[in-house]
Each structure stands twice: as C-alpha cells, then as structure tokens.
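Report on one structure; see the data block that follows.
Protein chains: 2
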Amino acid sequence: MARQLAVADLVARAREGDPRSVARLISMVEDDSPRLREVAAALAPFTGRAQVVGLTGSPGVGKSTSTSALVGALRARGSRVGVLAVDPSSPFSGGALLGDRVRMQEHAVDGGVFIRSMATRGHLGGLAGATPQALRVLDAAGCDIVLVETVGVGQSEIEVVSMADTTVVLLAPGMGDGIQAAKAGILEIADVFVVNKADRDGADQTVRDLRYMLSLGPRRERDDSVWKPPIVKTIAAKGQGISDVLDELDRHREWMDRTGERDRRRQARAETEIEAIALAQLRARIGDIRGGGTLPELAKKVVAGELDPYGAADDLVESLASG
Amino acid sequence: MARQLAVADLVARAREGDPRSVARLISMVEDDSPRLREVAAALAPFTGRAQVVGLTGSPGVGKSTSTSALVGALRARGSRVGVLAVDPSSPFSGGALLGDRVRMQEHAVDGGVFIRSMATRGHLGGLAGATPQALRVLDAAGCDIVLVETVGVGQSEIEVVSMADTTVVLLAPGMGDGIQAAKAGILEIADVFVVNKADRDGADQTVRDLRYMLSLGPRRERDDSVWKPPIVKTIAAKGQGISDVLDELDRHREWMDRTGERDRRRQARAETEIEAIALAQLRARIGDIRGGGTLPELAKKVVAGELDPYGAADDLVESLASG
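For the record, the sequence lines run as chains E and H. Anchor point for the first sequence: position 309 equals 309 in UniProt numbering, and the numbering is continuous, going up by one each time. Anchor point for the second sequence: position 209 equals 209 in UniProt numbering, and the numbering is continuous, going up by one each time.
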C-alpha cells in the first residue's frame, strides 16, 4: 500500500511540474521496474493532451541546435515543453559536453522545460518500448508539447517517430545523397520539412529537390483532407525561421484536429504499443515454460503415445494463458 | 467424418507397410496440412518402437555412401528401415542424380525400406518441426530403425540430431581442421564415431586425434552408467566395417534400455518438440491479433485514458489464450 501511495504521490507532484518527480517516473518506466505497471496505470487518466513532435534527420543537419532553438521559442510563448533525446550520441545524453548541451543547460534550470535522454537499459521492448511510457510521463506532467529527437531515418528511428503526432524531418544543404537514399522513407513520415543552415550554398537547390520529390507523390489540390508537407528554411544557430516552424506545427495540429487525423494516429500508435507489450509478455511466458511442471507431464504422455505433440502444445498454450 | 476415416485408413495401410500410404502421410505432416493434427493424433498410439539413428558429418566424409551401406546391411538382417535425408543437397532429395542415388534406388524398390528426403516447405516449425512428425510416420509404419541423415554439424543439424536415440558422427582422414573446429560440438552429440575412408592416409591419425579429444572429457572407468563413444573404422564404399557400426548401434540401444537413458532422451525430445509447436502457435496467434476486433477496442480505451497499455496488453493476451 505504501508503494501505491508513493506512485500516486509522484504522479501528483509531476502534474504540478516538479522536475524531480518527473525524472523519477521516467526512470521507473525506462528501467522496466516492477512499478512500471503501477506508474502506467496512474498516468493513464492524465494523458492525451500534449502534442508529440518527432524530430529526425541525419547527423550534421543541426538537429540539437534546432531542438534547442525550438525550446527557446516555445518557452517565449509560455508553453511547457518536454524533450526526449533518444539518440545515445545526443549531447543531451550526459555523454560529450558539447556547445549545444551548454545551451540546453540554460533550459534545464527553467521550470517549464523537462529534458531527458532515453536509455534502452532493461526495458523489455527496448527504446521503442520505453519511449511511449516516458512520453506519457511528460504528457501527464502538463507539457503542451514534447519534442522527441532521434538520429537518422533508420528502422528504429522510424519506430520512434511513429509515436509522434507531428514529424519534422531536418535536412541541410549539400547532403543531396542523403536525401536520395532516404527519399522513400522521409517522404512517408514527414509532416514538416526543415532545411536548416539555409545560409549555406545549395540551400535553394535542396528545397527544389524536395519540392520535386513531393510533386511525384499523391497530389490533390484544394483537398483539405490531404496534408501537404510544407518546407521551412531555418538557420537554427541564429534562431532564424524557428517561429515559422512553430507556425507549421500549429497549423498541422489544427489540421489533425479538424480532420480527425490525430485520433487516427493515436489509435494506430496505441495498437502498435499494446501489441508490442503483449508480444514481450508472451515471449517472457514462453521462456518460463521449462520452469513449470506442465511441460514434463505433457511430454511424458507424448512419449507414452497417449497424446500427440500438437494436442500437448494446445494444452501448454492453455496453461500459459491461465498462468 | 470421411476425412477422419481416410486418415485412419492411411495409417492402417502404412502400418501394413504400404509405401504409398507412408509417402502420403509424410507429405501431410511435411506440408503442415490442415490434416496434420489429425495425422499426428492417429499416429500417436503406434509410435515409440523404432530406434532413431542420426547420422551427421561434414560434406565429403561419405555420409550418403555410409547410409546406403547401412541400409543394405540392415536389410540383410531382415530389419525394416526408414531413411530421412534432411539435407537439401542430398542425393536422396530428388536433386542431382549422383551415383549414390542410383545405389539407393535399389533399396527404394525394396518393400522393407522407406526413403524420404525432407523439405521444409510450409511447415510452421521448419525442418526441426517437420522431421519429428515424419519420424513418427516411419515409426508407426513398423520401421525397426530410422536413419536420419543430415549434413554438417551446424545449429540446425544439431537440432535434428537431437531427435535421435543414437547419434553417429562420421569423419574422414585428412579433415583434421574440421575435427578441431567441430570439436566441442561433436564430442557432445556423438554416441558412435565412424572414421570412414579408413584405407586413406591419416586414418590412424584421425582415430588417435579423436581418442585424445575424448580422453579430455569426463571419464569414469568401469562405470556402466557412462557411455564411452566407440570409434569404428569403415570403408563404406566397399562395405567394410559396416557390421561393426551396426553392432555398436545395438550395444548403444541395449545400454540405453538398461540405464533408462532412452526414456530420458525421448522425454527431453518430446519437451523440445511440444515447446516448439506451442511457440509456433503463439506466434501465429500474435500475427492474427490485428485481424480481430479486440486490439482496436483496447487501443481506443488507451487513447481515451481509460486504460494503460500494460493493462490492455494483459487483456489482449487473455483474449489470445481463449481465442
């Protein structure tokens, strides 16, 4: 009982914006602790408010700088902001102390910002399993917006990005090859394109390349039900274009609300998440099979010819389900 | 009802030694057909009699030649013999028409021999899933001995060999590197070592190498409960030493009966088999999750904050079990 009160207490404090309670709750879901389920259940009623924004792009496009600039602009608006850095090499991860980290540190002492780097340690479902739980903590903590920063556009990044309401793909001039390589992937997942380092040579060419690629996709002019990903030019290091990005995030949120797209995405996201947890649970139970006494008994009957192995497997699955 | 009678009929004919019924039953278990379970149930009461002998070894040791020679010697004794070739590149597989295949063809027209190459097509559990079912067919068909021929000593071969009562590992002179590489693996799985091509240079050295390796293992002289794998020299192409191999197979069977080792192995084998089938069943059910209506309903509750994803996963697993 003491434990349950403690979790409820932590959640109550997190909802008031206490950063230490937020940090502790994230640690609990990240470590797949015995209290994970308790935490998840306690958070459920307070979730669903935050706009989850995924930020992804190849290394070198200025992702951390952009995240930092977005946090600053959101704070200036009075929004409560959460940041989840799911890149182990991120400056937020407590690893290398880069300039960006110092910049983020300013925000870290600001009561309206929660910054967290995600580790995969211990959690049954890995990063893809821990991230949605951490998102729920920040959501319940009253964040208006949660930025999920990942690196690259590989499979695991796409998994994480699939947890977002709005996905921002960052590009930089002179990385045309990267665009080609990631073409199919980023066209599918991007709601907003940001061409950062727009003062560099080739920025306009990158924008043209993108426009061309987008023109190849499905196109229905004047059809409000289709979202056409805008392309925003920024110089994040100077804060230029950042408010344009925020405007597009707002516009996307309003579009999702109007069309019901947000509900569809959240529904799909919840299905994926539940399925992943159920799968991990079943795997864990299968691992426990040999420990129990059911399997040897069934095997004995098969050896004696009293039962065939398929019938025995049926009985075993039955016993797992009730176990 | 007609279907059930047909399977019962096939089993009855197979028990009388009808090769076409045997072949059809193996095809049914191999293809994971809807009648697989029916066949497995119908076979169960008639299984457990045959001695299952696994034969394995690297390519080039003369495995097919040895199998063919063993079949000939067993037939000369009046034994009913089954052969399962689980190597897709085996001459028995219907692929390349090698000399060995021609030799085996002689046996194929002999009513006391059933020869079958195993394909993995369709079966949920792959080769490791299909082989024990095919073994049961040959067992029920009244085979005194079933030879399971595999290639190499890789993981899948060890899986297949683990279905045997007695495992024969074949070696040939001049393949010392192979012995070293496979050392740990073959010492654990071999009940009988055969050094084939014993008329070649280095045969005695191969025997000495093996003796040395075996001497490094656990050794309890005069302890009847421990089986010391014998080493038999053969020239399979000339039929030399083959009867010595059969003698060792008999000796091993008698030892297993005396010590209860056969029951222990069969118990372990049945456990592994049931577990694999149960695992395949659970995986298939997980694949069905998205098709049903349970997951969307649960996801809706999670999105609405009425349920947390762990509670939803519990419910989903519950529904799988009863489904």
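C-beta atoms are modelled at their ideal positions from N, C-alpha and C, and glycine is treated no differently.
Assigned secondary structure, residue i (DSSP; H/G/I helix, E/B strand, else coil)
i	result
H:Ala85	strand
H:Ser319	helix
E:Thr234	coil
H:Gly17	coil
H:Leu216	coil
E:Gly311	helix
H:Gly48	coil
E:Gly305	coil
H:Thr150	coil
E:Val61	coil
E:Gly293	coil
H:Arg116	strand
H:Gln133	helix
H:Val195	strand
E:Val53	strand
H:Val169	strand
Same chain, Cβ closer than 6 Å to residue i, neighbours up to 5 away in sequence not counted
i	result
E:Gln133	Val29
E:Leu246	Ala73
E:Arg136	Leu43, Thr47
residue 326 of chain E	The requested residue 326 of chain E does not occur in the structure, where chain E is confined to residues 1 to 323.
H:Gly60	none
E:Val302	Pro309, Ala312
Candidates the options, of which the one nearest residue i by Cα
i	options	result
H:Asp83	H:Ser68, H:Arg20, H:Asp288, H:Ala44	It should be noted that the sequence gives Val, not Asp, for residue 83 of chain H. It is H:Ser68 whose Cα lies nearest to the Cα of H:Val83.
E:Gly174	E:Asp191, E:Asp199, E:Val192	E:Asp199
H:Val232	H:His252, H:Lys197, H:Phe193	H:Phe193
H:Ala50	H:Lys63, H:Ala23, H:Ala40, H:Ala141	H:Ala141
E:Lys197	E:Ile145, E:Asp191, E:Ile242, E:Leu214	E:Ile242
E:Ala299	H:Ala299, H:Ala284, H:Ala270	H:Ala270
H:Thr65	H:Leu171, H:Leu36, H:Tyr212, H:Glu254	H:Leu171
H:Gly293	E:Ser117, E:Arg116, E:Glu275	E:Glu275
E:Arg24	E:Arg253, E:Arg116, E:Glu149	E:Arg116
H:Gly17	H:Leu249, H:Asp144, H:Ala40	H:Asp144
E:Val226	E:Glu261, E:Ala236, E:Val195, E:Tyr212	E:Glu261
E:Arg35	E:Ser162, E:Leu70, E:Val7, E:Lys301	E:Val7
E:Ala284	E:Leu320, E:Gly305, E:Ser33	E:Leu320
E:Ser21	E:Met118, E:Asp288, E:Leu138	E:Leu138
H:Ala40	H:Ala130, H:Glu297, H:Thr272	H:Ala130
E:Ile277	E:Ile26, E:Arg15, E:Ser27, E:Arg37	E:Arg37
H:Lys63	H:Glu254, H:Ala236, H:Ala280, H:Leu282	H:Ala236
H:Met118	H:Ala85, H:Thr272, H:Ser162, H:Arg251	H:Ala85
Same chain only: Cβ atoms within 8 Å of residue i, ignoring 5 sequence neighbours per side
i	result
E:Arg121	Any answer about E:Arg121 is weak, because its pLDDT of 47 lies below 50 and its placement is not dependable; what the coordinates show is given next. Glu30, Asp31, listed in sequence order.
E:Arg211	Ile231
Contact test: residue i Cβ vs the ligand HEM heavy atom, cutoff 6 Å
i	result
H:Gln133	The ligand content of the structure shown is nil, which means the ligand HEM is not present either.
Neighbourhood of residue i by C-beta distance below 7 Å, restricted to the same chain and skipping five residues each side
i	result
H:Gly112	Arg75, Arg80, Val81
H:Lys238	none
H:Gln240	Thr234
H:Tyr229	A small correction: the amino acid at residue 229 of chain H is Pro; Tyr does not occupy that position in the sequence shown. Counting only Cβ-Cβ distances below 7 Å, and skipping sequence neighbours, we find Ala190, Asp191, Val192, Phe193, Leu214.
H:Thr259	Ser225
At a cut of 8 Å, does the region 162-170 of chain H reach the region 41-58 of chain H through at least three beta carbon pairs?
By the Cβ rule, the region 162-170 of chain H counts as touching the region 41-58 of chain H, because three or more pairs are nearer than 8 Å.
Scan the region 229-259 of chain E for residues whose Cβ lies nearer than 9 Å to a Cβ of chain H and list them as they occur along the chain.
From the region 229-259 of chain E, no residue has a Cβ closer than 9 Å to chain H.
Cβ contact (3+ pairs, closer than 8 Å) linking the region 293-313 of chain H and the region 42-51 of chain E:
A contact exists between the region 293-313 of chain H and the region 42-51 of chain E.
Counting Cβ pairs closer than 8 Å, one from the region 312-319 of chain E and one from the region 10-22 of chain H, do we hit at least three?
Segments in contact, no.
Under 8 Å, with one C-beta from each stretch per pair, do the region 195-211 of chain H and the region 260-276 of chain H reach the 3-pair mark?
They do not touch, by the three-pair rule.
Output, in sequence order along the chain, the residues in the region 36-68 of chain H whose CB is closer than 9 Å to any CB in chain E.
Answer in chain order: Leu36, Arg37, Val39, Ala40, Ala41, Ala42, Leu43, Ala44, Pro45, Phe46, Thr47, Gly48.
Which residues, taken in chain order from the region 297-321 of chain E, show a beta carbon closer than 8 Å to some beta carbon of chain H?
Residues passing the 8 Å Cβ filter: Leu298, Ala299, Lys300, Val302, Val303, Ala304, Gly305, Glu306, Leu307, Asp308, Pro309, Tyr310, Gly311, Ala312, Ala313, Asp314, Leu316, Val317, Glu318, Leu320, Ala321.
Using Cβ-Cβ distances below 7 Å, what residues of the region 2-23 of chain E are close to chain H?
Residues of the region 2-23 of chain E whose Cβ lies closer than 7 Å to any Cβ of chain H: none.
Using a beta-carbon distance cut-off of less than 9 Å, what residues from the region 257-282 of chain E approach chain H?
Of all residues in the region 257-282 of chain E, Asp263, Arg266, Gln267, Ala268, Arg269, Ala270, Glu271, Thr272, Glu273, Ile274, Glu275, Ala276, Ile277, Ala278, Leu279, Ala280, Gln281, Leu282 have a Cβ within less than 9 Å of some Cβ in chain H.
Taking any Cβ of chain H, which residues in the region 126-147 of chain E have a Cβ under 9 Å from it, in chain order?
So the close ones are Pro132, Gln133, Arg136.
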